[in-house]
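Inspection log for the structure reproduced underneath, given as structure tokens.
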């Protein structure tokens, strides 16, 4: 028998027995032992990180799996000593001051899709090199002067023992990793303060690919702000910075937006560390800026603007992953203060040559920037004049002149972008807009646009400057620069707290300039509008609403407008209300708050209302949105009674026509119609044809028939005005109104004897509403079942002897004695109430938020009944709801037929 070698086989001496039973027993025993050994190996290989840590915690070594090497903790101690010795041996370094600590952050666990499951943990490489810690969420500190090491570990609650097993103490960690001290991470600030820490050395990384990243503290960074530290950023005016773009996801409330963002590609680490070092320091000193005093009692601020000379105090250590750069506070460079602080020091009498030199350099730099800006303006102005001259001559500009011009422009632009005043950048951007000599895209515009984007991203541009930058960029001829506007959303987000009520309107007007980041900007502006709507005027609110179109008219802005109307309408001027109500009308927005606010306003003001434009705006709003409010219409009607003759002709139609359209009798009918006859008779020739027809039809809706105006309606002058219209759709629309007026007067007014002019009663085609046609197809069979067969139903029936317009089309006709027909021959002398006309009412046939039909539909039903038909009506919304419920649909149709109104 042949047995393969194994880890267990060598422990047995196998013999060959003649007995089959003995051999079988031996093989079974061997298999059991082999399986148990494999299980132990498998368990060791598949154990989790926490189980592995528990397994080797008591051993002073770093060990991963059974096949890996066991690294003693003394190696990490040696690494820390090497790091400190390299720092101290760095040539040309100033003496390390007491209290200098290296602070490193370890890796953290990353959850998988926001669940309680984590990605496999990987320790931060530089932290691992120094400490060899396997747990996540740790920090480490090394005293540069004493080489003492401190490990900070997370403080876990006792409940974690259920899942993690034994919770190790600080002494366990100290013994396990061979450090001098151990503390919890929530004690970082107190521990470093107790040790009189003065300077913290943090880590920056420059990889072999040239990419730069900064390791910032995630949580304890807020706890150690009291120590001197440096977090350097790139300066916007560095011409070596290259920009690229990426997209990020930003969540605001429940909405997540994908927005573009600029990324700075750093080609020089020294330049990065040299240029911008004030932002983080200033953010921690917004409320109070502590002063640091020199021996000669000249104060200087930690929040200093440093601009001069490259930074020399950096220590680079090459590693396998790239080059790690440790940097510290340059105490000597903190003497560079703001000009205002230097002037205060000079006034105190304690000055020296260094302060004067610093002041001189700052002023000289700013003067150079301003001189460069003026030179750029003048150069572009001269180029424009020279270009016009060359167009009239045969001279061509030489290539040498072009090269010289490019060199000068490049130097001027580089000087301008070095200014600390962002206003200079905007002025330079505006000046380049007038450059007609250079190509539409050039390096000067690129340089200035990049500067604007970087400063906006760094939060250096004010809201007003951001608005001006948008307006300048949008006027650039090339889309490349207009697309830069999308990057300015970051500046807006940084300065969100600075958005005041007077800036909301220009910001909303600038919304149209954004494309990819438009939704994000709108979210920010909607949020600010919801906070500041009470401080806005009606005109400002109207301007904001007018900036929103289509899907942009989100509920947030309209809700703020509703709140404003509810609170501020009664205290606003009439001019503001005209603009505000007009914007609501354009947005077709109404709710109960706005309706009630309008009613309160007109009721409280009453006779105090003077501006006819306000009355027209209110009535136009009510007419277009079908707001049938008796209080609002009554007060506007009283205004017409009081001021009718003074109302301009162009404003008469909305005031008068609204009563008929909304089927509401005017207040004090006797006085109202008396004033109506007086005003319309005098002003009829001044009315537009469409306005005149709207007024006349409004009268017929209310069963008022203007017999006295018939001569004016059908005068040759009015018909000539119809003939002068060249727009075919407008002409057809006006003719349909004339036909409707003529047919209405013929059916309802006994004193009317027909139109003196020939109105063509034939129309080539009608555009029937597709909603009505669709719902008729769906209810045709159930309705046929109720009336006794499909042959007793006709759809979209045309009435003979009446104009061929939609107004006189019967949606469904039930005729028991006839077959289906598209045209019904009217015979007013036949027996009445035999045929039933079914009219389907769409949602817009009702007044808003009521069950009242609008005036035209009331008149339509009235005229159909006068023609001898019984009339039943069906609600479109109700039909759409019941179309899939056969029993309820049949019940609803049957009930409508049973309650049909008889002929008049």
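In the UniProt record's numbering, the protein residues as written are 1 to 904.
We put the beta carbon where it would ideally sit given N, CA and C, even for glycine.
Which class does residue i belong to by DSSP, given the choice of helix, strand or coil?
| i | result |
| --- | --- |
| residue 298 | Legend: pLDDT at residue 298 = 39, less than 50; position of this residue unreliable, no value from coordinates given. |
| residue 62 | strand |
| residue 25 | With a pLDDT of 48 at residue 25, under the threshold of 50, the modelled position of that residue is not reliable, and the figure given next carries that caveat. Of the three classes helix, strand and coil, the one that applies to residue 25 here is helix, per DSSP. |
| residue 680 | helix |
| residue 781 | helix |
| residue 899 | coil |
| residue 254 | coil |
| residue 574 | helix |
| residue 176 | helix |
| residue 875 | strand |
| residue 909 | This structure does not reach residue 909, given that the chain is present from 1 up to 904, and the question cannot be answered. |
| residue 627 | coil |
| residue 584 | helix |
| residue 83 | helix |
| residue 787 | helix |
| residue 408 | helix |
| residue 731 | helix |
| residue 437 | coil |
| residue 795 | strand |
| residue 476 | coil |
| residue 157 | coil |
| residue 376 | helix |
Just to confirm, is the Cβ distance from residue i to residue j under 8 Å?
| i | j | result |
| --- | --- | --- |
| residue 815 | residue 792 | yes |
| residue 177 | residue 131 | yes |
| residue 431 | residue 380 | yes |
| residue 710 | residue 684 | no |
| residue 826 | residue 867 | yes |
| residue 837 | residue 818 | no |
| residue 97 | residue 199 | yes |
| residue 192 | residue 141 | yes |
| residue 570 | residue 604 | yes |
| residue 572 | residue 594 | no |
| residue 904 | residue 865 | yes |
| residue 151 | residue 167 | no |
| residue 576 | residue 537 | yes |
Can you give me the C-alpha to C-alpha distance between residue i and residue j, rounded to a whole angstrom?
| i | j | result |
| --- | --- | --- |
| residue 712 | residue 681 | 9 Å |
| residue 932 | residue 881 | There is no way to answer for residue 932, as the model of the chain reaches only from 1 to 904. |
| residue 584 | residue 253 | 27 Å |
| residue 146 | residue 458 | 39 Å |
| residue 80 | residue 139 | 14 Å |
| residue 211 | residue 482 | Residue placement at residue 211 is flagged as unreliable, the pLDDT there being 41, under the threshold of 50; the coordinate-derived value follows with that caveat. Roughly 29 Å between the two C-alpha positions. |
| residue 656 | residue 704 | 12 Å |
| residue 790 | residue 783 | 8 Å |
| residue 731 | residue 807 | 17 Å |
| residue 626 | residue 633 | 12 Å |
| residue 116 | residue 109 | 11 Å |
| residue 485 | residue 249 | 18 Å |
| residue 614 | residue 423 | 42 Å |
| residue 242 | residue 443 | 12 Å |
| residue 45 | residue 67 | With a pLDDT of only 46 at residue 45, under the threshold of 50, the placement of this residue in the model should not be trusted; the figure read from the coordinates follows. Spanning the two alpha carbons is a distance of roughly 9 Å. |
| residue 597 | residue 565 | 6 Å |
| residue 257 | residue 251 | 6 Å |
| residue 527 | residue 454 | 25 Å |
| residue 668 | residue 850 | 24 Å |
Determine which residues share a DSSP beta bridge with residue i and list them.
| i | result |
| --- | --- |
| residue 246 | 261 |
| residue 493 | According to DSSP, which records beta bridges pairwise, residue 493 is partnered with nothing at all. |
| residue 149 | 142 |
| residue 906 | Look at the range of the chain in this structure, 1 to 904, and you will see that residue 906 is not part of it. |
| residue 183 | 152 |
| residue 837 | 813, 871 |
| residue 913 | The structure shown does not extend to residue 913, since the chain is modelled only from 1 through 904, so no value can be given for it. |
| residue 824 | 799 |
Does the structure place the segment 543-563 close enough to the segment 505-513 that three or more beta carbon pairs sit under 8 Å? Cβ pair count under 8 Å is three or more, so yes.
Quick check: the segment 854-872 against the segment 659-668, are at least 3 beta-carbon pairs closer than 8 Å? yes
At least three beta-carbon pairs within less than 8 Å, the segment 615-630 to the segment 572-590: yes
For the pair the segment 461-475 and the segment 483-499, tell me if three or more CB-CB distances fall below 8 Å. yes
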